[in-house]
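Trainee: Encoded as structure tokens, here's the structure I'll be asking about.
As structure tokens, this is what we get:
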């Protein structure tokens with residue numbers, strides 16, 4: 007059974023139309039004209055209500071009346087059917103307190119969410135300023151829509167109404183431009199322009215680019231900022247250079263051309279390189295990193311700091327430093343794939359490694375300076391990015407961001423690319439980290455297959471007895487270091503102490519020294535006890551995550567039967583790279 011409701015969706019209540027005006031002295035009858043219509047009356051507001059009634063009816067009139075004007079006030083309610091009239095006794099307004107009272111009376115008598123027409127024809131000479139100022143207040147705080155501001159010019163026996171609403175638009179426009187100048191926020195500017203545009207696709211597209219720029223800028227979208235800035239500037243220049251200046255008549259605002267030129271000049275420094283074709287779907291992926299791009303981003307960060315967009319500023323500074331390091335990194339082609347997550351993560355890890363070394367007092371010179379920069383960025387960024395939701399956050403101080411950014415820019419201007427290289431150059435050695443249990447063949451195979459320049463061998467007192475034989479069989483005569491566990495089965499406290507000593511980053515620590523001397527470290531995950539293998543994995547984490555070394559994990563497999571392995575352990579087995587072993591096909 008279908009159930010149908012007889013109820014209809016209620017339409018929103020009609021917005022009431024108010025007239026705000028003041029009454030003067032010595033009223034005289036004129037022939038008031040509005041458009042093609044005219045009416046005779048002694049009071050401008052009475053004439054205006056009559057002239058508007060057919061097209062835009064007034065629901066309620068609020069009339070300010072001074073003591074002197076009240077003597078001559080005449081309201082014929084028969085001439086104003088269905089119009090509620092309210093008079094407000096006000097002082098002449100020659101004292102500050104009187105001005106405040108008039109403004110307060112106006113604000114208190116204009117309700118929320120209404121339409122408002124203002125007539126500034128009559129009353130003391132300074133009253134038009136009070137009415138105009140009040141209109142700004144109620145528009146801002148009471149969601150009042152100012153439909154018209156009328157003033158009637160007297161000429162002979164006639165008085166013609168002129169709409170001064172463009173003055174209000176200009177006031178709002180000045181505020182919107184001020185917002186744009188101070189914070190690059192163009193939302194108000196966009197609203198004003200889009201509400202005053204006459205249908206024209208070319209101008210409409212130009213205004214839309216302004217809105218797109220505003221969204222990108224406030225969202226911190228680096229390349230989109232540049233794309234929309236370039237599009238806006240290009241489209242504006244095409245219109246500006248056109249011989250058809252009639253295009254600017256499609257926006258009914260005075261000085262519109264000068265305004266749009268100001269916007270264009272303001273955002274032009276942020277535009278991406280002219281040669282980039284943004285119509286391609288892959289343009290961001292293929293966008294090259296260059297000196298121009300780094301300088302362009304600097305200007306955006308400057309603007310964020312000037313406009314107090316501190317969240318965007320510190321996030322952007324962090325990404326800028328990563329990009330700058332990619333640009334300098336000697337092992338990478340900085341012109342390509344600088345936006346790839348893998349490349350940016352690699353640089354981030356290298357910077358994190360510098361910070362870790364900094365905390366252990368293991369850095370000096372330019373590397374120490376770069377680490378200090380990254381450490382400050384990380385602390386400020388964490389405070390802002392996590393909305394202070396961490397008791398360990400440093401206090402947020404905008405001056406720290408300003409000072410940090412000035413220091414970064416100064417270093418970028420003075421120092422060369424070497425300063426921004428985050429890598430700690432080790433030696434050219436290949437290091438093998440492996441455990442040794444009672445199976446001699448695993449270490450033998452690892453040495454034969456990898457041909458390391460140095461070995462770190464984790465073993466026990468019992469297994470160590472076979473070490474000399476294994477090294478001799480594998481013909482290994484290069485340096486090696488032995489970590490002998492007293493308890494190879496349950497010595498977890500023992501391996502924790504080993505890791506703690508390494509983390510102190512003391513050059514006297516042989517394991518740390520071996521890591522530093524190597525540019526490639528391979529960790530063999532097979533052989534030995536579970537405790538030994540845990541230690542191998544912990545060393546892998548230090549080398550990879552803390553020291554940002556080039557690392558790889560492998561497993562060694564001997565597919566022969568166990569009896570044959572015991573009978574002849576010195577047969578080279580098969581090596582499988584860990585990443586290949588766990589790959590998801």
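Residue numbers (the numbering used here): 7 to 591.
Virtual Cβ for every residue (Gly too), placed ideally from N, Cα, C.
Note that this is a predicted model, so its numbers are computed, not measured.
Since residue 220 and residue 191 are thought to touch, with beta carbons under 8 Å apart, how far apart are those beta carbons, to the nearest angstrom?
Mentor: At roughly 6 Å, the Cβ-Cβ gap stays under 8 Å, so residue 220 and residue 191 are in contact.
Trainee: Flag this pair as yes or no: are the beta carbons of residue 126 and residue 92 separated by less than 9 Å?
Mentor: No, these two residues do not count as a Cβ contact at 9 Å.
Trainee: What is the C-beta distance between residue 436 and residue 401, in whole angstroms, given that I count them as a contact (C-beta under 8 Å)?
Mentor: So it is not a contact: roughly 47 Å between Cβ atoms.
Trainee: Hey, residue 229 and residue 278 are a contact pair by Cβ (cut 8 Å); roughly how many whole angstroms apart?
Mentor: Going by Cβ atoms, the distance from residue 229 to residue 278 rounds to 7 Å, so yes, they are a contact pair.
Trainee: Helix, strand or coil, according to DSSP, for residue 188 in the structure here?
Mentor: Reduced to three states, the DSSP call for residue 188 is helix.
Trainee: CA-CA distance, residue 136 and residue 235?
Mentor: The alpha-carbon atoms of residue 136 and residue 235 are separated by roughly 40 Å.
Trainee: Closest to residue 74 by C-alpha separation, out of 274, 287, 500 and 30, would be which residue?
Mentor: Closest by alpha carbon: 30.
Trainee: With H, G and I counted as helix, E and B as strand and the rest as coil, what does DSSP make of residue 42?
Mentor: It is coil, neither helix nor strand.
Trainee: Are the CB atoms of residue 414 and residue 379 nearer to each other than 9 Å?
Mentor: Closer than 9 Å, so yes.
Trainee: Please report the straight-line C-alpha distance between residue 9 and residue 122, rounded to a whole angstrom.
Mentor: A caution first: residue 9 carries a pLDDT of 45, below 50, which makes its placement in the model unreliable, though a value can still be read off. In a straight line, the C-alpha of residue 9 is about 44 Å away from that of residue 122.
Trainee: Could you have a look at residue 204 and say whether DSSP puts it in helix, strand or coil?
Mentor: Three-state result, residue 204: coil.
Trainee: Select from 529, 40, 212 and 148 the residue whose C-alpha is nearest the C-alpha of residue 585.
Mentor: If we check each option's Cα against that of residue 585, 529 comes out closest.
Trainee: Report yes if the C-beta distance between residue 167 and residue 156 is below 9 Å; otherwise report no.
Mentor: Taking 9 Å as the Cβ cut-off, residue 167 and residue 156 qualify as a contacting pair.
Trainee: Where does residue 441 sit, in a helix, a strand or coil, going by DSSP?
Mentor: In this structure, residue 441 counts as strand in the three-state DSSP scheme.
Trainee: Would you kindly check if the distance between the Cβ of residue 45 and the Cβ of residue 56 is under 9 Å?
Mentor: The answer is yes: Cβ separation under 9 Å.
Trainee: Which partner residues does residue 36 have in the DSSP bridge list?
Mentor: Bridge partners of residue 36: 47.
Trainee: Using a Cβ-Cβ cutoff of less than 7 Å, which residues in the same chain neighbour residue 557 once the five nearest sequence positions on both sides are dropped?
Mentor: Here the set comprises 527, 529, 546, 549 and 550.
Trainee: Just tell me which of 423, 373, 396 and 298 has its CA closest to the CA of residue 281.
Mentor: Nearest C-alpha to residue 281: 298.
Trainee: Taking 8 Å as the line, does the beta carbon of residue 320 fall inside it for any heavy atom of the ligand SAM?
Mentor: For the ligand SAM, the structure offers nothing, since it holds no ligand at all.
Trainee: Grab me the residues of residue 319's own chain with a C-beta within less than 8 Å of its C-beta, minus the 5 sequence neighbours each way, in chain order.
Mentor: Result list for residue 319: 307, 310, 311, 407 and 411, in chain order.
Trainee: Roughly how many angstroms lie between the CA atoms of residue 537 and residue 463, to the nearest whole one?
Mentor: Looking at the two C-alpha atoms, the distance is approximately 13 Å.
Trainee: Thinking C-alpha only, which one of 474, 561, 305 and 466 is nearest residue 456?
Mentor: Checking every option, the nearest Cα to that of residue 456 belongs to 561.
Trainee: Would you list the residues sitting across from residue 68 in a DSSP beta bridge?
Mentor: Answer by DSSP bridge pairing, in chain order: 26 and 92.
Trainee: Suppose only complete runs of 4+ residues qualify. What are the alpha helix (DSSP H) ranges in the segment 229-287, listed by chain order?
Mentor: Counting whole runs of 4 or more residues, the segment 229-287 contains the alpha helix (DSSP H) stretches 262-273.
Trainee: Along the chain, where does the alpha helix (DSSP H) containing residue 483 start, and where does it finish?
Mentor: That residue, residue 483, is in no alpha helix (DSSP H); it is neither H nor E in DSSP.
Trainee: Which of the three DSSP states is assigned to residue 13 in this structure?
Mentor: Residue placement at residue 13 is poorly supported in this model, since its pLDDT is 49, which falls under 50; the coordinates are not used for a value here.
Trainee: When you compare only the Cα positions, how much space is there between residue 352 and residue 375?
Mentor: Cα to Cα, the separation comes out at about 20 Å.
Trainee: Since residue 559 and residue 426 should fall inside the 8 Å C-beta cutoff, what is the C-beta to C-beta distance between them, to a whole number of angstroms?
Mentor: Between residue 426 and residue 559 the Cβ distance is about 30 Å, and since that is not below 8 Å, they are no contact.
Trainee: In its own chain, which residues sit with a C-beta less than 8 Å from the C-beta of residue 321, not counting the 5 before and 5 after it?
Mentor: Hits under 8 Å: 226, 387, 390 and 391.
Trainee: Decide if residue 134 is buried, meaning its Cβ has at least 16 other Cβ atoms within 10 Å, or exposed.
Mentor: Classification of residue 134: buried, given that the 10 Å Cβ count is 16 or more.
Trainee: With a cut-off of 8 Å, do at least 3 Cβ pairs link the segment 195-215 to the segment 238-249?
Mentor: Counting Cβ pairs under 8 Å, three or more are found: they touch.
Trainee: How is residue 388 classed by DSSP in three states: helix, strand or coil?
Mentor: DSSP places residue 388 in helix when its eight states are reduced to three.
Trainee: Is the beta carbon of residue 89 sitting closer than 9 Å to the one on residue 113?
Mentor: Cβ distance not < 9 Å, so residue 89 and residue 113 don't count as in contact.
Trainee: If you count every other CB in all the chains shown that lies within 10 Å of the CB of residue 43, and 16 or more means buried, which is it?
Mentor: That one is exposed.
Trainee: Would residue 542 pass as a contact of residue 441 if the rule is Cβ separation under 9 Å?
Mentor: Yes, they are a contact pair.
Trainee: Count the other CB atoms, across all protein chains shown, that sit within 10 Å of the CB of residue 266; report buried if there are 16 or more and exposed otherwise.
Mentor: Flag for residue 266 reads buried.
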